[in-house]
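Numbering (UniProt numbering), first residue to last: 1 to 145.
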């Protein structure tokens, strides 16, 4: 179970690092070249750079959780990611105008996958820790990481 949690966190971390760094460093090229970013104009450098920085903040939390997959790191990191990714998914569902069929499929599938992955990581962490707590007499000890 810890392997699934770590792999899930690593996928989310990679997603946040790429999107966050790209927006923070070169927001104009992100808007121009990232698939479908230009479907909802206008471009705002200020907003894009702020978004990049906030995204890198979530990446930091995810990175800590990958290294130390304990509930007190994993759950806040995955919830922070989910607080972004779930509304982001629904935004794209409601704003597919201008997208090709392929773009619409990619947007819905990709955004749904990472939104569900964030939630799955939280649920897997809770399940893992409950299972360990039931198996151990005495005080709770975190699973080895």
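Think of the CB as a built atom: it goes at the ideal place given N, C-alpha and C, for glycine as much as any other residue.
The continuous stretches of alpha helix (DSSP H) do not include residue 100, and DSSP gives it neither H nor E. Classified as buried, residue 23 has 16 or more neighbouring CB atoms from the shown chains inside 10 Å of its CB.
Every unbroken stretch of the alpha helix (DSSP H) spanning 4 or more residues and falling wholly within the segment 16-63 is given here in chain order: 27-33. About 5 Å separates the CB atoms of residue 9 and residue 65; that is less than 8 Å, so the two are in contact. Under the three-state reduction of DSSP output, residue 111 falls in the helix class. Collapsing the DSSP output to three states places residue 138 in coil. Under the 8 Å Cβ criterion, the segment 33-47 does not count as touching the segment 77-90, having fewer than three qualifying pairs.
Ranked by Cα distance from residue 25, the options 53, 11, 44 are led by 53.
The closest CA to that of residue 80, considering only 48, 16, 110, 3, is found on 16.
Secondary structure of residue 6 (DSSP, three-state): helix.
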